[in-house]
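S.K.:
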Amino acid sequence: MQRNTIQIKGQSFGDDSLQIIAGPCTIENLDSLLSIASSLSEIGIKCLRGGAYKLRTSVHSFRGLGDIAIDYLQEAGQRFNMITVSEITEVAKVDYMAERIDVLLVGTRNMQNYPLLDRLGKFSNPIILKRGMAATITEWLQAAEYIVEAGNSNVILCERGIRTFEDATRNTLDISAVPVIKATSSFPIIVDPSHSTGKRELVKSMSFAAIAGGANGVMIETNHFPDQSLCDARQTVAINEFASFIAPLKSIWSIVNSA
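If you want it as structure tokens, here you go:
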């Protein structure tokens with residue numbers, strides 16, 4: 011099947027290029043974000059993620075800095091020539107974010123927010139669409155079609171784990187979804203091993219599994235001081251540890267794509 015290839019700032023999603031998106035779950039302040047971006051840029055990461063508006067299960071959890079965090083992310087992206095990625099949570103913020111952020115991410119809770127998907131279809135920004143925590147693959151693909159039918163074909167799917175009876179991990183990472191998507195659609199697909207496992211010690215092995223399964227990339231939560239993170243500290247990987255498994259990831263990618 012012919013694969014969609016999405017080009018942005020000299021980088022490609024969906025062809026024979028491995029893409030690694032990394033950064034903090036939630037932006038906490040400008041100085042820490044710039045420090046993280048600098049370190050990631052030094053090790054060759056081209057895509058910087060960071061949340062501004064967080065949909066949290068508990069109202070007492072840190073829910074992000076809001077608009078100012080988007081401005082911080084835009085500044086970091088410009089300073090280090092990185093592609094910026096951040097979650098969009100409501101229709102009212104689409105225009106604001108689309109003007110400032112390169113790639114807009116639709117989280118699991120909004121996968122079936124059809125007014126939001128339709129609005130995103132009116133823009134050309136690449137959209138990362140995460141699978142809903144209880145969504146079938148068919149439902150996920152149907153959600154993606156809302157964006158495409160509205161006019162934006164720059165859709166990247168993200169497998170982030172589904173909710174099952176298993177409680178040893180935060181969610182159950184469905185690696186089989188990767189080859190299924192590649193066999194049944196033309197969308198690029200990446201994997202989020204951070205949200206799927208919820209445990210930083212599992213992120214490396216699940217990143218390897220994702221690339222071995224044919225994913226076009228991974229999205230990983232990383233920080234200099236993960237235990238101090240205000241959001242999802244348990245699944246955040248220290249940047250020095252993250253850096254140690256980039257080379258093996260690339261080796262796995264090379265083996266898979268030369269087979």
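Residue 11 is where the sequence shown starts when you use this note's numbering, and the numbers rise one by one after that. For glycine and all other residues, C-beta sits at the position ideal for the given N, C-alpha and C.
(1) May I ask which residues mark the beginning and end of the beta strand (DSSP E) holding MET229?
(2) Which same chain residues end up closer than 6 angstroms to ARG110 when comparing Cβ atoms and leaving out the 5 residues on each side of it in sequence?
(3) Compare the beta carbon distance of ARG210 and PRO236 with 8 angstroms and say whether it is the shorter of the two.
(4) Strictly by DSSP, which residues pair up with GLU169?
(5) Report back the beta-carbon spacing between ILE31 and GLY227 to the nearest angstrom; my notes put them in contact at under 8 angstroms.
(6) With DSSP as the reference, label VAL101 as helix, strand or coil.
(7) From GLY33 to ALA193, what distance separates their C-alpha atoms?
(8) Between which two residues does the alpha helix (DSSP H) holding GLY33 run?
(9) Out of ALA153, LEU115, SER49, state which residue places its alpha-carbon closest to the alpha-carbon of LYS103.
(10) Which class does SER195 belong to by DSSP, given the choice of helix, strand or coil?
(11) Could you tell me the distance, in whole angstroms, from the CA atom of ILE265 to the CA atom of PHE175?
(12) Which residue from ARG173, ALA178, ALA154, SER204 puts its Cα closest to that of PRO198?
(13) Check this for me: beta carbons of VAL201 and ALA178, under 8 angstroms apart or not?
(14) Please classify GLY117: does DSSP put it in a helix, a strand, or coil?
(15) What is the DSSP secondary structure of SER22, counted as helix, strand or coil?
(16) Is it right to say ILE172 is buried, meaning 16 or more other beta carbons lie within 10 angstroms of its own, or is it exposed?
(17) With LYS140 as the anchor, note down where its beta strand (DSSP E) starts and where it stops.
(18) From GLY131, LEU183, GLN245, ALA144, pick the residue whose C-alpha is nearest to that of ILE166; which is it?
(19) Got a sec? Which residues, its chain only, sit under 8 angstroms from SER261 by beta carbon, not counting five neighbours each side?
(20) By the DSSP assignment, the alpha helix (DSSP H) with ARG89 in it spans what residues?
(21) Who are the Cβ neighbours of GLU149 in its own chain at under 6 angstroms, not counting the five residues just before and after it?
M.R.: Short version:
(1) 227-233
(2) Excluding sequence neighbours, ARG110 sits near ILE80, GLN84.
(3) yes
(4) VAL201
(5) 7 angstroms
(6) The answer is helix: DSSP assigns VAL101 an H, G or I state.
(7) 30 angstroms
(8) Counting along the chain, GLY33 falls outside any alpha helix (DSSP H), though it belongs to the beta strand (DSSP E) covering 29-33.
(9) Comparing alpha carbon positions, the residue from ALA153, LEU115, SER49 closest to LYS103 is LEU115.
(10) coil
(11) 34 angstroms
(12) ALA154
(13) Not a contact, by the Cβ cut-off of 8 angstroms.
(14) coil
(15) strand
(16) It counts as buried.
(17) Here the beta strand (DSSP E) through LYS140 covers 137-140.
(18) GLY131
(19) none
(20) 77-90
(21) none
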